[in-house]
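Quick notes on the structure that follows.
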Amino acid sequence: MDDDKLIRKKGYVAGWGKTRNDDDNGSSKMRYLPVPMVPILQCQLMLQRTINKNQLCAGGIKGKDICLGDSGSPFTYFTNTKLDFGSRVPKLRHFQVGIVSYGINVCGAENVPVVYTRVRSYLTWILDNMKS
């Protein structure tokens, strides 16, 4: 699936990072949040920095975003795909489009998206290395 078709649609980020800026430690359990993907140009304006083709942006919802300790966490979307495992019922599946890269120092700041590494940009490398 083309990642850019997901702009403004909600994906999910999951991790064990801090839940508040003033926390000393990360979460004791994995948590997840629905966050919308943000257009690259809008992200660049909001963050005042260049976002390259190997990156994507999501989030910017006040009080609901990644925080310290979530770097490397997955950013996924659900897809309704029929799986052929003897069932006639379509199954919801996650597919990963990003990996948490960085945000600003204030977690969950309104209108301030987070930058993710775009998985599609490295898919050939990932698949080649999975074979080894």
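Per our numbering, the very first residue in the sequence shown carries number 5; after that it's consecutive.
All C-beta atoms in this analysis are idealised placements derived from N, C-alpha and C, irrespective of residue type, glycine included.
If distances are taken between C-alpha atoms only, which option among the options comes closest to residue i?
i: K14; options: W20, H98 and K57; result: H98
i: A113; options: G64, K22, N29 and K57; result: G64
i: L45; options: N133, V101, I11 and N109; result: I11
i: V119; options: I103, W129 and N109; result: I103
i: C61; options: R122, Q100, L96 and W20; result: R122
i: F79; options: K68, Q100, Q59 and W20; result: Q100
i: D26; options: W129, L131, N115 and V110; result: V110
How big is the Cα-Cα spacing for residue i and residue j?
i: P117; j: I55; result: 12 Å
i: Y16; j: I70; result: 11 Å
i: R124; j: R35; result: 24 Å
i: L72; j: Y126; result: 24 Å
i: F66; j: Q52; result: Correcting the residue type first, residue 66 is Lys in the shown sequence and not Phe. Taking the straight line joining both Cα atoms gives about 19 Å.
i: K22; j: S32; result: 9 Å
i: V39; j: W20; result: 16 Å
i: P43; j: T128; result: 24 Å
i: Q48; j: Q59; result: 11 Å
i: K9; j: Y81; result: 12 Å
i: D28; j: M50; result: 28 Å
i: I108; j: G30; result: 17 Å
i: K57; j: R24; result: 30 Å
Can you round the beta-carbon distance between residue i and residue j to whole angstroms, since I take them to be within the 8 Å contact cut?
i: S75; j: A18; result: At roughly 13 Å, the Cβ-Cβ gap does not stay under 8 Å, so S75 and A18 are not in contact.
By the 10 Å Cβ neighbour count, where 16 or more other Cβ atoms means buried, how is residue i classified, buried or exposed?
i: M41; result: buried
i: Y106; result: exposed
i: L37; result: buried
Under 7 Å, Cβ to Cβ, is there at least one residue of chain D near residue i?
i: R53; result: Protein chain content of the structure displayed is limited to a single chain, and chain D is not contained in it.
| request: Kindly provide the ranges of any beta strand (DSSP E) runs that are 3 or more residues long and lie completely inside the region 43-68, ordered along the chain. | output: Counting whole runs of 3 or more residues, the region 43-68 contains the beta strand (DSSP E) stretches 59-63.
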